[in-house]
Every structure is written in structure tokens, then in C-alpha cells.
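Here's the structure, in C-alpha cells; my notes come after.
There are 2 protein chains.
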Amino acid sequence: MSTFVVVGGDAAGMSAASKAKRDDPNVDVIVFEQGEWVSYGACGLPYYIKGEIQSLEDLVSVSPEEFREDRDIDLRIGHEVVDIDPSNRTVTARSDAGEVVQEYDHLLVATGSEAVAPPIDGLDRTGVYTLGSMSDGKDLREYVGRARSEGELQQPDRGPACQFLETCNGPVGIVGGGYIGVEMAEALAENGFEVHLFQRGDRILKQFSAATSEAVFDHLNEQNVAIYLNAEVRELAGDDAVQAVVTGDDRVPVEMVLVGTGVRPRTDLAKDAGIELGETGAIATDAYRETNLPDVYAAGDCAEAEHVVTSEQVYVPLALTANRHGRAIGQTIAGTPTEGGGVAGTAAVKAFEVEAARTGILDHETARDAGFDPVTETIEAKSRAGYYPEGGTVRVTLTVDGPSGRVLGGSLVSEYGEGAVHRSHALVSAVTEGITVDELSNYDLAYAPPFNTTWDPILTAAKVVDSRR
Amino acid sequence: MSTFVVVGGDAAGMSAASKAKRDDPNVDVIVFEQGEWVSYGACGLPYYIKGEIQSLEDLVSVSPEEFREDRDIDLRIGHEVVDIDPSNRTVTARSDAGEVVQEYDHLLVATGSEAVAPPIDGLDRTGVYTLGSMSDGKDLREYVGRARSEGELQQPDRGPACQFLETCNGPVGIVGGGYIGVEMAEALAENGFEVHLFQRGDRILKQFSAATSEAVFDHLNEQNVAIYLNAEVRELAGDDAVQAVVTGDDRVPVEMVLVGTGVRPRTDLAKDAGIELGETGAIATDAYRETNLPDVYAAGDCAEAEHVVTSEQVYVPLALTANRHGRAIGQTIAGTPTEGGGVAGTAAVKAFEVEAARTGILDHETARDAGFDPVTETIEAKSRAGYYPEGGTVRVTLTVDGPSGRVLGGSLVSEYGEGAVHRSHALVSAVTEGITVDELSNYDLAYAPPFNTTWDPILTAAKVVDSRR
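These protein sequence lines are chains A and B, in that order.
One point on numbering: in the working numbering, the residue at position 199 of the first sequence is 202, and numbering is uninterrupted.
One point on numbering: in the working numbering, the residue at position 254 of the second sequence is 257, and numbering is uninterrupted.
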């Protein structure tokens with residue numbers, strides 16, 4: 004009988020706990036979760052705030068009771084682990100009931116990430132939100148509900164939903180043009196808010212290709228989201244409550260600000276225990292997610308992972324990796340050593356009526372640092388047969404190594420429902436397997452008029468970049 | 004200056020002609036097409052008949068004028084090639100203006116396929132159709148238009164569209180439950196016809212997995228298409244006009260019958276010239292699509308191709324292969340020897356509000372013949388995050404080699420728009436690259452709530468089959 008202790012009860016932690024217990028019922032599995040929520044889909048928060056999901060509970064994939072009763076996991080919520088003592092193989096957890104010291108044979112650190120606080124004055128003003136936790140989601144939903152019920156009429160011509168609601172809420176500011184910024188722009192605008200989005204760099208969704216960023220930018224503009232590029236936000240001004248977003252150029256009146264400028268790994272606990280961090284600042288692990296300390300693992304948003312293209316350790320905190328690595332650790336602890344695989348930096352986002360996905364290496368500097376000589380091309384193609392009554396446009400960007408033709412990365416954007424995201428699955432395979440664009444262009448992909456042109460846009464992109472490299 | 008002669012002006016022929024001329028403008032390119040249509044999308048015919056596409060011309064991707072004027076191709080429609088003389092390197096073509104003998108340096112035989120006439124009495128009766136050519140499409144559209152304008156009221160409770168049209172047309176019979184049969188069931192039922200579909204075997208869409216066949220079968224039933232499985236059609240009975248479909252068990256009154264029991268390669272011309280056929284009955288070629296005769300190529304629906312999984316020569320006449328192999332031949336003739344790649348037997352179909360795709364080897368006998376020890380599993384998973392307001396179900400079937408875990412084939416089905424077809428792209432890559440389900444299960448696929456669950460159904464299927472092999 005061995006004891007597996009997990010610190011953190013979200014994707015990585017609960018996946019590991021569940022898999023270890025299922026594969027070896029003799030393992031005692033104890034999970035300490037600081038908050039009150041476990042195994043929740045934080046990715047769903049924008050849709051909860053938007054009002055498309057009725058209850059926070061709906062975001063929970065497995066309830067605490069199910070973990071305890073059906074899966075026989077000793078789940079302790081409201082327990083903050085304050086110390087790991089690797090020499091004695093114990094952790095100390097603190098709760099309202101006091102402190103407990105728990106021995107472990109295997110330990111998983113799955114402490115997740117926290118919102119980065121950018122160097123902006125006024126982050127502590129009322130009306131300034133971040134979106135990392137379930138309680139953040141609850142607060143934002145309440146804000147949206149309050150503003151809507153008050154039915155304030157601010158600037159009736161702004162915001163796509165204003166025309167339907169006969170009132171326009173806000174204005175509100177979003178600092179950061181990444182996934183959260185873009186998804187929240189939709190959530191707020193569709194609730195009748197006038198939305199102002201501030202992006203420090205020269206384009207939004209900077210992990211995607213420039214062509215994808217441009218397409219999403221154009222679409223957000225069509226939806227009346229005001230976007231400020233190259234905008235260095237200096238201050239969220241006001242008295243108690245925020246009243247304006249102040250950049251070098253503008254002072255934009257707002258009633259609320261969402262700050263979505265990225266996350267960083269929560270590593271204090273690990274660091275104090277002597278667990279090594281990597282160059283990215285996240286916890287370093289081997290291919291089995293084991294840290295420098297024996298039998299101590301790390302996974303999810305607090306840990307690094309190897310990139311499938313560059314073989315470099317990178318920090319890409321996303322839900323699937325957390326689940327996959329957690330599951331692999333559970334399997335390892337149950338007796339079958341399992342690598343969880345690397346990451347391709349794949350991501351998807353919906354923004355109003357467009358969808359986008361990206362995978363692999365798109366950035367030329369990163370590609371060159373890894374020894375490649377990158378070439379990038381973007382094509383635009385019909386999403387279905389030209390004569391088919393429905394359909395739209397898919398833009399595909401491919402970055403390949405010029406000399407070898409190896410596919411390094413891809414980025415796709417289309418109208419929502421026209422398949423940019425699901426088509427990206429083929430590119431994940433391409434970058435993971437290291438295949439060339441010539442090979443890719445010869446793939447026998449499915450074709451029928453309601454789904455694509457005879458040459459799927461992926462194939463057209465491969466042909467074009469192959470001819471120009 | 005060399006001369007490239009192409010026999011047949013559809014996908015393979017026109018792709019080869021265009022690519023050869025574009026890559027080497029010094030090549031003289033002459034195309035003989037027996038009919039009046041070139042470069043048309045026969046795959047669009049069901050949607051033309053359904054009424055979603057207004058004109059047959061809409062199915063033509065490049066017009067004869069464009070080929071002649073913009074692409075400088077000597078395109079001669081209404082010219083039937085009646086003889087190939089490989090010793091003198093000439094072909095003889097017959098038109099209304101008489102015969103011409105044309106020399107060639109390179110020749111492409113792209114004579115396509117023709118509908119198989121099954122051993123059924125009464126195929127020559129009025130009201131019996133096949134769907135292989137543009138003129139077939141025209142005839143069927145006229146039939147649909149006539150029947151609709153006459154507004155006959157036959158059996159008002161049958162056919163999904165009857166409730167809207169207040170009349171019910173038909174009844175009509177479809178012999179064959181493959182792509183054409185299924186797509187035409189939709190086209191006819193949506194026009195208010197009572198549709199009876201007769202399938203010889205025990206399931207429709209037999210190239211797909213049993214789970215996919217079952218899902219499509221259930222959906223067709225919901226749409227009030229009557230399906231007769233294990234139905235050996237003996238006769239299309241009637242006087243001049245067809246009046247009933249007669250099987251061993253039933254005699255079903257009909258006004259029209261569509262026979263869609265597959266196609267066979269058109270090889271008479273090739274055979275007479277001494278071009279070797281393969282075991283499948285289609286023209287045998289090497290990896291460059293060259294036949295046993297030097298400088299004589301064959302591609303498209305008249306030719307075999309190598310299967311990417313089994314390395315066997317197979318006959319899978321589909322549009323993308325024709326385009327891809329035609330293009331490769333054009334490139335070869337222009338001076339860059341190019342293999343067009345093999346086939347994975349990938350196919351997609353829409354049936355009313357479901358979509359399905361398949362790729363690779365699903366059939367256990369075929370897999371065993373190729374030296375594999377196949378295992379098949381089917382999973383059912385949500386197409387989007389469970390809490391997301393839209394979404395449906397994807398069923399994924401994977402067939403893998405048990406000992407090695409290599410992915411041999413896959414079949415997917417979902418509601419239309421829920422991504423079965425575009426998701427199949429990842430499986431094409433898997434079967435082509437010979438990867439294992441373990442590798443597949445570790446792919447870093449795109450995830451966001453509007454597009455999938457954290458583990459895309461493809462990954463879930465890979466995990467499940469990996470645990471059971």
C-alpha cells in the first residue's frame with residue numbers, strides 16, 4: 004500500500020489522482036485543494052459570464068462527491084499545502100481545522116498558475132477584474148448581470164448587441180489581446196457592453212500567425228469592439244472605482260476593466276522545497292514529469308514541457324497538457340511508467356463568428372534558434388466546394404523549414420463552423436511527426452462538397468508553400 | 004518542343020494538362036474529351052439535383068475557354084479517342100468532323116469510370132437512372148422538377164419534406180446504399196419524394212465502420228427514408244416505364260429508380276493498346292503513374308493506386324486522387340519527376356443532418372491479409388464541451404494492429420457541423436505515417452469549449468483502443 008499525495012485539485016491533479024486509483028486500487032490517493040472547486044473547466048468561464056452557461060457547477064466535470072464516493076479518492080478541499088519536506092516525504096496542509104502533516108510515497112505538485120499583474124497603476128481599484136479562478140468568474144457574471152439589469156444607456160451606437168437591447172452598457176476596458184481578452188470581448192459585447200480592448204503589441208493573438216491576427220482583428224472591428232494596438236496601458240484611473248484606462252495616447256472612460264495579460268506558474272511551494280525551476284520559470288521535469296526530487300512530479304500550469312518541434316522546454320499552460328500529463332503520472336504511479344508526450348503549443352479560440360487555431364512554431368526567431376531556416380506562406384481558400392450553397396473562407400498559414408520542407412507550424416482562421424479548428428488537427432500531426440509539406444500535400448484527406456474543395460485548404464497551403472520554399 | 008496528349012478532360016486529365024503547361028510552357032498540350040463537359044465536379048451532382056445549385060455550369064471549375072485562352076491548352080471537346088498506337092506514338096480521335104491522328108511524346112489515359120450495371124432485369128425501362136455524368140445529372144434534375152411541378156399527392160405521410168410541401172412525390176427507389184445512394188436519398192426526400200433505398204448487404208455505407216453505418220441508417224430512418232437491407236433486387240418491373248422494385252421479399256411500387264451500385268474503370272481503349280491492367284481490373288501504374296508502356300501514364304478513375312497502409316494496389320476512384328495524380332504527372336512531364344502519393348481510401352459523406360468520414364483499413368480480413376492483427380473499438384463522445392450550449396455527439400471507430408498499436412483505419416460520424424469529417428484529417432495523417440494509438444493519444448490537439456472536450460473524441464478513441472488492444 005503506497006500513498007500518492009496531490010497538491011492541487013484541478014485538471015492535472017485530478018487526472019493523476021483518478022488514473023492512479025483506477026489502475027491500482029491499492030494506492031491511497033489524497034488530494035489537497037486550497038479552494039472549494041475541483042476539476043473545473045476554467046476555459047468555460049467566458050461562456051458562463053456571457054450567459055450561455057447557467058451555473059458555475061456546470062463547469063465542473065466531476066464533483067467532489069463523485070471523486071470521494073465513486074473513485075475512492077481522499078479529496079480535501081479548503082486545504083492549503085504550506086510546506087513540502089522531501090527528506091521526510093511529508094507535506095503540511097493548513098485548513099480551518101488546523102494543520103495536518105501527511106506522509107507520501109509519491110507526490111504531485113499541480114499548483115497551477117496565477118494571473119500576471121502587469122506594471123500598471125490602479126490595479127487595486129474597484130471594478131478591476133482578472134479571470135483565473137471560479138470566483139473571478141462569479142464576480143464577473145455578477146457584474147454583467149448588475150449592469151444589464153440596471154439597463155444603463157451609455158453610447159447606444161457601440162457594441163454589437165446594443166441594437167437589440169435598446170440599451171448599451173459599459174463602457175468597459177480589456178487589457179490584453181490574448182485568448183481571454185478576445186473571448187471576453189465577445190462575452191461582454193454580446194451583453195450589450197461597449198468594449199475597448201488594449202493590446203501592448205502591434206497585433207492581437209500574437210501566438211497565431213499575423214494573417215490570423217488580422218482576420219480576428221477585422222472581425223472584432225466589425226463587431227464594434229474598439230481595439231487599441233501598441234497601447235501601453237499606464238494607469239487604471241479613478242477614485243475608489245476605476246473610471247478610465249490611461250495609455251500614452253488615450254484616456255478612455257470605462258466602468259470596468261478586465262486585465263488578461265497572461266499567467267505565470269505558481270511555484271513558491273515547489274521552490275521552497277528545493278524543486279528546480281527551468282529557464283521559463285516553471286517547474287522543470289523529465290519526460291515522465293518527475294522533478295529533480297525523486298518521486299516528486301509536477302504537471303499542469305505550474306510546469307514546463309518539451310516542445311515537439313524544437314525539443315526545448317517551454318511554458319504553455321493549457322488544459323489538455325494538464326490532463327494528459329496528469330493521466331500519465333497516474334499511470335506511472337500505478338506501475339506503468341508513462342511519458343505524457345510533448346506539447347506543440349496548440350491552441351484554439353472563438354471570437355464572435357470566427358474561429359482560429361494554431362500549432363507548432365510560427366515565429367521565425369524561435370525557428371532559427373532551433374536550427375531551422377523558416378519560410379511562411381498564407382493562403383486563402385474556400386471552406387467548401389465553390390458551388391455549394393453554404394460556406395466561407397479558410398486562411399491557412401504554414402511555416403516550414405525551407406531546406407528540408409519540414410512543417411514547423413500552422414495557423415488557421417475561418418468563419419465559425421467552417422472548420423479552421425478541426426482542420427488544425429492534421430497540422431498537429433504534421434508538426435509532431437516532422438513530416439514535410441510535400442508529404443502533407445499528398446495526404447488523401449476526406450473530400451465531399453459540403454466539407455471542402457477537392458483539395459482541402461490544408462493541401463492547397465502545403466502545395467503553395469512547397470512551391471515557394 | 005514535346006507534345007503531351009491527354010485522353011479525357013475531367014479531374015485527372017485537366018490537372019495534368021494544366022500543371023504540365025504551367026511548369027513548362029514549351030510543352031504542347033492537347034486534350035481530347037469525348038463529351039461536352041470538362042473539369043466538372045461530379046461530386047456536386049446530388050446537390051444540383053436537390054436544387055441547391057442552380058446551374059450545371061456552376062459545377063465546372065474551369066471553363067473550356069479558360070483552358071484554351073488563359074492556359075494555352077488545345078482542348079478538343081466532342082472528340083472520342085478510338086485508338087492508341089504505342090509503336091507509332093499516335094492516338095486516333097473521332098469527332099463530327101471526322102478522324103484525326105495525333106502524335107504524342109507523352110500520353111495520359113484518363114478515361115474515368117462508368118456505372119456498373121448490376122444483374123437486374125428492367126434496367127432499360129423509362130424512369131431508371133444512373134448518376135455518373137453531367138447529362139445524368141441534368142436528366143434527374145428535370146425529373147425532380149417535373150414531379151414537383153405536377154405536385155402529385157402520393158402518400159402524404161412519407162418523406163421528410165412532405166409535411167412542408169403539402170404534397171408528396173414519388174415513390175422512388177434507390178438501388179445501392181453507397182455514397183451516391185445516400186446523397187440521392189437526401190436530394191430526393193428533401194424534394195418531397197417518398198424514398199425507398201435497397202441495399203444488397205446487411206448495412207449501408209459498407210466502406211465505413213459498422214457503427215458509422217448504423218448511425219447513418221438510424222438517421223435516414225428518422226428522415227422517413229425506407230431502407231431495405233439484405234435486399235437482392237431482381238427486377239425493375241413495369242411496362243415501358245418502371246413501376247416497381249422487385250426483391251426476393253418485396254414488390255415496392257415506384258415511379259422512378261436510381262441505380263447507384265458503384266463504378267468500374269473505363270479501360271477498353273487502354274486494353275486494346277496493350278496497356279496492362281492490375282488485379283483490380285483498373286490500369287496498373289508505378290508510383291509515377293506510368294503504365295507498362297513507356298511515356299504512357301494513367302490516372303483518375305480508370306487507374307489503380309497504392310494503398311498507404313497495405314502497400315497493395317487498390318481501386319478507389321475518388322476526386323482528390325484524380326486531381327493529385329494528374330498534377331503529379333503534369334509535373335513529371337514538365338521535367339520534375341513526381342510521385343503523387345498513395346491512397347488511404349478516405350471518403351466523406353453528408354446525409355441530411357449527419358456527416359461521416361472514413362480512412363485507411365477497417366475491414367479485418369483486409370487487415371489480416373496485409374499481416375496485421377486488427378482490433379476495433381468505437382467510442383461515443385461529446386463534440387463540444389459538455390457545458391457548451393451547442394453541440395452533439397461524435398462516434399469514432401479506430402482499427403489498430405493489436406501487437407504494435409499502429410493505427411490502420413478510422414471512421415467517424417456526427418451531426419452535420421459537429422466535425423466528424425474535418426476531424427478525420429488527423430486520422431489520415433495517422434494511417435499514412437504509420438503512427439501508433441499511443442502516439443496519437445498524446446497529440447497536442449487544439450481545444451476550446453466551442454470545438455471539443457479537453458480530450459478531443461479522436462484522443463479519447465485512441466486512449467480507449469490503446470487500453471483494450
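Backbone N, C-alpha and C define an ideal beta-carbon position, used for all residues, glycine too.
Check: Is the CB of Y391/A under 8 Å away from at least one CB in chain B?; Outcome: yes
Check: May I have a chain-ordered list of the beta strand (DSSP E) segments no shorter than 3 residues that lie completely inside the stretch 370-436 of chain B?; Outcome: 377-385, 396-404, 410-418
Check: How big is the Cα-Cα spacing for V248/A and A240/A?; Outcome: 6 Å
Check: Just verifying my parser: in three-state terms, what is the DSSP assignment at M187/A?; Outcome: helix
Check: Give the secondary structure of P174/A by DSSP, where H, G and I count as helix, E and B as strand, and everything else as coil.; Outcome: strand
Check: Got a sec: is the Cβ-Cβ distance from L448/A to anything in chain B below 8 Å?; Outcome: yes
Check: Looking only at its chain, what residues have a beta carbon closer than 8 Å to the beta carbon of Q166/B, apart from the 5 residues adjacent to it on each side?; Outcome: Residue placement at Q166/B is flagged as unreliable, the pLDDT there being 46, under the threshold of 50; the coordinate-derived value follows with that caveat. Here the set comprises nothing.
Check: Let's test the definition: count the other Cβ atoms within 10 Å of the Cβ of D242/A and tell me whether it reaches 16, buried, or not, exposed.; Outcome: exposed
Check: Counting only beta-carbon atoms, is D305/B nearer than 8 Å to chain A?; Outcome: Looking at the sequence shown, residue 305/B is not Asp but Cys. No, no contact with chain A.
Check: Quick one: what does DSSP say T335/A is sitting in, helix, strand or coil?; Outcome: helix
Check: Taking the alpha carbon of T40/B as the point to measure from, which residue in C46/B, K22/B, G12/B, S58/B has its own alpha carbon closest?; Outcome: Checking the sequence, you will find Trp at residue 40/B rather than Thr. Among C46/B, K22/B, G12/B, S58/B, the Cα nearest to that of W40/B is on G12/B.
Check: Can you tell me where the alpha helix (DSSP H) with R4/A in it begins and where it stops?; Outcome: Here the sequence assigns Met to residue 4/A, which means Arg is not the residue at that position. Element bounds for M4/A: n/a, residue is neither H nor E.
Check: Residues of chain B with CB under 8 Å from T362/A, in chain order?; Outcome: D447, A449
Check: Find the nearest neighbour of V260/B within the set F220/B, H367/B, E342/B, L134/B, judged by alpha-carbon distance.; Outcome: L134/B
Check: Using only alpha-carbon positions, find the residue among V378/B, R371/B, V424/B that is nearest to V397/B.; Outcome: V424/B
Check: Can you tell me where the beta strand (DSSP E) with G363/A in it begins and where it stops?; Outcome: 357-363
Check: Less than 8 Å between the C-beta atoms of S21/B and R74/B, yes or no?; Outcome: yes
Check: Between R387/B and N455/B, how many whole angstroms is the CB-CB distance? I'm expecting something under 8 Å.; Outcome: 6 Å
Check: With which residues is E2/B paired in a DSSP beta bridge?; Outcome: This structure cannot speak to residue 2/B, because chain B is shown only from 4 to 472.
Check: How about G148/B: is its C-beta nearer than 8 Å to some C-beta of chain A?; Outcome: no
Check: Could you tell me the distance, in whole angstroms, from the CA atom of E380/A to the CA atom of T400/A?; Outcome: 6 Å
Check: Alpha carbon to alpha carbon, how far is G284/B from E368/A?; Outcome: 53 Å
Check: What is the rounded straight-line gap between the Cα of G422/A and the Cα of L232/A?; Outcome: 28 Å
Check: State yes or no: is the beta carbon of S367/A nearer than 8 Å to at least one beta carbon in chain B?; Outcome: Note that residue 367/A corresponds to His in the displayed sequence, not to Ser. By this cut-off, H367/A is not an interface position.
Check: Quickly, what does DSSP pair M17/B with across the bridge? List them, please.; Outcome: For M17/B, which the question treats as bridged, DSSP gives no partner whatsoever.
Check: What residues from chain A crowd round D61/B, counting only those whose CB sits closer than 7 Å?; Outcome: Y390
Check: For L448/A versus A465/A, is the C-beta distance shorter than 8 Å?; Outcome: no
Check: Using a Cβ-Cβ distance under 8 Å, would I52/B count as near chain A?; Outcome: no
Check: Of all the options G176/A, E436/A, D61/A, L430/A, which has the alpha carbon lying nearest to the alpha carbon of I3/A?; Outcome: Lying before the first or after the last residue shown, residue 3/A is absent from chain A, which here runs from 4 to 472.
Check: According to the neighbour-count rule (16 or more other Cβ atoms, all chains shown, within 10 Å of its Cβ), is N445/B buried or exposed?; Outcome: buried
Check: Counting only beta-carbon atoms, is A347/B nearer than 8 Å to chain A?; Outcome: yes
Check: Using three-state DSSP, classify H82/A as helix, strand or coil.; Outcome: coil
Check: Look at P452/B and C46/A and say whether their C-beta atoms are less than 8 Å apart.; Outcome: yes
Check: If you draw a straight line from the C-alpha of R161/A to the C-alpha of I230/A, how long is it?; Outcome: Reliability of the predicted coordinates at R161/A is poor, the pLDDT of 43 falling under 50, and the value obtained from them is presented with this limitation in mind. Each residue's Cα considered, the two are about 13 Å apart.
Check: Going by the DSSP bridge assignment, what does I33/B pair with across the sheet?; Outcome: V8/B, D77/B
Check: Alpha carbon to alpha carbon, how far is I52/B from L208/B? Give it in angstroms, no decimals.; Outcome: 21 Å
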